[in-house]
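Working notes, structure below.
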């Protein structure tokens with residue numbers, strides 16, 4: 222899989238695993254592969270402010286120019302709100318960069334760890350100090 | 108710390124602490140906060156244990172437990188392990204992560220906890236524990252009644268809870284659980300013979316100590332005790348948690364963590 226805006230990056234698995242522990246809806250390792258970190262840049266097409274997880278969908282263009290829609294799992298809205306997010310922190314049409322880990326099974330699914338705006342400014346990042 | 112979002116949240120949290128630090132007597136008198144759910148970085152307040160007019164501790168408030176959510180063994184005394192019966196190991200060895208009832212948004216029952224707050228509400232006849240996670244609640248009968256027996260004890264997700272006070276400690280005794288819930292998302296299970304005795308002591312304004320005796324002769328070779336401390340989330344309110352967008356279970360196909368451990372233990376015992 223080759224994506225122009227999708228690249229592998231160094232393992233910073235711990236924070237993400239802790240993020241998953243914080244949401245605790247499921248085992249991180251059962252659903253996501255810590256050996257497959259990804260970073261994608263794209264345009265937000267949909268935000269689902271729902272439980273058990275908020276989800277951000279982004280269109281990502283690959284090297285061939287093909288656009289694919291990716292489904293990024295976030296923490297729950299309850300946890301995100303308690304960490305300072307609002308339901309419109311990320312909106313449809315926003316250009317964002319999301320880093321996280323690929324799902325083992327779900328197609329074009331991943332878990333989001335860090336989210337940055339179009340300028341690269343972090344707007345959300347999993348952090349072991351940030352818990353529900 | 109390179110995380111701007113985190114820095115912002117710390118600043119906001121610090122402001123929240125500053126705004127309420129001199130005013131906290133009981134949570135209900137605190138001023139409204141900008142975050143309906145409360146801030147998770149606000150430290151639990153200190154101060155004397157609030158008491159009701161009859162002198163008993165007042166457990167009212169929104170509490171957050173952080174321990175033992177992923178793996179309940181973290182709440183055992185140091186060095187202890189869960190005392191599985193062989194049939195429990197065999198049962199657990201077959202579990203899949205996607206089978207976790209909580210994953211499918213079914214109820215969370217004691218001694219399990221989720222990383223969401225719960226509110227304790229006391230009335231003369233009942234104590235209610237309102238759980239944000241999956242919108243659940245427990246009712247504890249405080250009117251002196253006994254557990255139903257025989258066919259009158261209907262097995263249920265939360266069981267049948269009766270409570271009484273022993274000095275400054277609320278004792279909640281629960282039987283009548285079904286055997287469908289897991290203790291954690293690791294995959295530790297129990298039987299419908301489980302009997303749980305929880306002892307809640309509000310040691311000061313901001314802390315609620317819980318000692319949870321689990322006696323389940325249908326799944327464990329001896330009783331064991333889990334311990335945790337819940338922290339008061341001053342000014343927090345419960346938030347809605349309707350689980351209407353569950354996409355995890357269909358996208359997981361993996362053994363439960365406890366299944367992997369159980370398979371190893373069974374192999375060692377052969």
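Residue numbers (this note's numbering), protein chains in the order written: chain V, 222 to 353; chain F, 108 to 377.
Glycine is no exception: its CB is placed at the ideal position from the N, C-alpha and C atoms.
Rounded C-alpha distance that separates residue i from residue j
i                     : j                     : result
residue 250 (chain F) : residue 231 (chain F) : 8 Å
residue 135 (chain F) : residue 164 (chain F) : Caution is warranted here: a pLDDT of 40 is assigned to residue 135 (chain F), below 50, making its placement in the model unreliable, and the coordinate value is therefore given only provisionally. Residue 135 (chain F) and residue 164 (chain F): Cα-Cα distance of roughly 16 Å.
residue 333 (chain V) : residue 177 (chain F) : 19 Å
residue 169 (chain F) : residue 160 (chain F) : 20 Å
residue 366 (chain F) : residue 203 (chain F) : 7 Å
residue 427 (chain F) : residue 280 (chain F) : Shown here, chain F extends from 108 to 377; a query on residue 427 (chain F) therefore has no answer.
residue 311 (chain F) : residue 281 (chain V) : 52 Å
residue 220 (chain F) : residue 301 (chain V) : 19 Å
residue 337 (chain F) : residue 199 (chain F) : 29 Å
residue 254 (chain F) : residue 268 (chain F) : 8 Å
residue 342 (chain F) : residue 285 (chain V) : 52 Å
residue 133 (chain F) : residue 172 (chain F) : Any answer about residue 133 (chain F) is weak, because its pLDDT of 37 lies below 50 and its placement is not dependable; what the coordinates show is given next. Distance between the alpha carbons of residue 133 (chain F) and residue 172 (chain F) is about 19 Å.
residue 354 (chain F) : residue 270 (chain V) : 13 Å
residue 315 (chain F) : residue 330 (chain V) : 39 Å
residue 266 (chain V) : residue 277 (chain V) : 8 Å
residue 377 (chain F) : residue 357 (chain F) : 34 Å
residue 296 (chain F) : residue 289 (chain F) : 5 Å
residue 201 (chain F) : residue 314 (chain V) : 45 Å
residue 275 (chain F) : residue 157 (chain F) : 11 Å
residue 313 (chain F) : residue 155 (chain F) : 9 Å
residue 167 (chain F) : residue 340 (chain F) : 11 Å
residue 287 (chain F) : residue 275 (chain V) : 27 Å
residue 223 (chain F) : residue 375 (chain F) : 37 Å
residue 287 (chain V) : residue 253 (chain V) : 24 Å
residue 283 (chain V) : residue 327 (chain V) : 19 Å
residue 328 (chain F) : residue 319 (chain F) : 17 Å
residue 295 (chain V) : residue 205 (chain F) : 18 Å
residue 217 (chain F) : residue 289 (chain V) : 43 Å
residue 236 (chain F) : residue 258 (chain F) : 26 Å
residue 307 (chain V) : residue 344 (chain V) : 11 Å
Chain V residues whose Cβ lies nearer than 7 Å to that of residue i
i                     : result
residue 359 (chain F) : 247, 251, 252 and 326
residue 244 (chain F) : Residues of chain V passing the Cβ test: none, with the nearest at roughly 17 Å.
residue 210 (chain F) : 246 and 247
Burial state of residue i (16 or more Cβ within 10 Å)
i                     : result
residue 364 (chain F) : buried
residue 291 (chain V) : buried
residue 349 (chain F) : exposed
residue 292 (chain F) : buried
residue 153 (chain F) : exposed
residue 318 (chain V) : buried
residue 244 (chain F) : exposed
residue 256 (chain V) : exposed
residue 304 (chain V) : buried
residue 239 (chain F) : buried
residue 130 (chain F) : A caution first: residue 130 (chain F) carries a pLDDT of 31, below 50, which makes its placement in the model too unreliable to give a value.
residue 341 (chain V) : exposed
residue 248 (chain V) : buried
residue 339 (chain V) : exposed
residue 271 (chain F) : exposed
residue 210 (chain F) : buried
residue 297 (chain V) : buried
residue 368 (chain F) : buried
residue 299 (chain V) : buried
residue 360 (chain F) : exposed
8 Å Cβ cut-off: residues of chain F touching residue i
i                     : result
residue 269 (chain V) : 352
residue 319 (chain V) : Result: empty, since nearest Cβ-Cβ is about 13 Å, beyond 8 Å.
residue 290 (chain V) : Neighbours of residue 290 (chain V) on chain F: none; closest Cβ ~14 Å, over 8 Å.
Residues that residue i contacts on chain F, provided the C-beta gap is smaller than 7 Å
i                     : result
residue 258 (chain V) : Under the 7 Å cutoff, chain F gives no residues; its nearest Cβ is about 17 Å from residue 258 (chain V).
residue 265 (chain V) : None at all; the shortest Cβ gap to chain F is about 17 Å.
Contact list for residue i against chain F, beta-carbon separation under 9 Å
i                     : result
residue 330 (chain V) : 354 and 358
residue 309 (chain V) : Residues of chain F passing the Cβ test: none, with the nearest at roughly 15 Å.
Proximity test, residue i beta-carbon vs the ligand ADP heavy atom, cut-off 8 Å
i                     : result
residue 241 (chain F) : This structure lacks the ligand ADP, and indeed carries no ligand of any kind.
Chain V residues whose Cβ lies nearer than 8 Å to that of residue i
i                     : result
residue 239 (chain F) : 299
Chain V residues whose Cβ lies nearer than 9 Å to that of residue i
i                     : result
residue 201 (chain F) : Neighbours of residue 201 (chain F) on chain V: none; closest Cβ ~15 Å, over 9 Å.
residue 349 (chain F) : 271 and 272
residue 316 (chain F) : What residue 316 (chain F) touches in chain V: nothing, since even the nearest Cβ is about 19 Å away.
residue 90 (chain F)  : Nothing about residue 90 (chain F) can be read from this structure; chain F reaches only from 108 to 377.
Closer than 9 Å to chain A by CB, residue i
i                     : result
residue 276 (chain V) : Any reference to chain A falls outside this structure, whose protein chains are V and F.
Secondary structure, beta strand (DSSP E): runs of 3+ residues fully inside the stretch 251-286 of chain F: 267-273 and 276-282
Cβ contact check for the stretch 295-306 of chain F and the stretch 314-327 of chain F: 3 or more pairs under 8 Å: yes
Segments of 3+ residues assigned as beta strand (DSSP E) that fall wholly inside the stretch 290-351 of chain F: 302-311, 314-322 and 331-339
Inter-stretch contact at 8 Å, needing at least 3 Cβ pairs: the stretch 172-191 of chain F / the stretch 232-242 of chain F: no
Inside the stretch 184-235 of chain F only - beta strand (DSSP E) runs reaching at least 3 residues: 225-229
Inter-stretch contact (C-beta, 8 Å, three-pair minimum) for the stretch 306-322 of chain V and the stretch 249-269 of chain V: yes
Segments of 4+ residues assigned as alpha helix (DSSP H) that fall wholly inside the stretch 255-324 of chain V: 298-303
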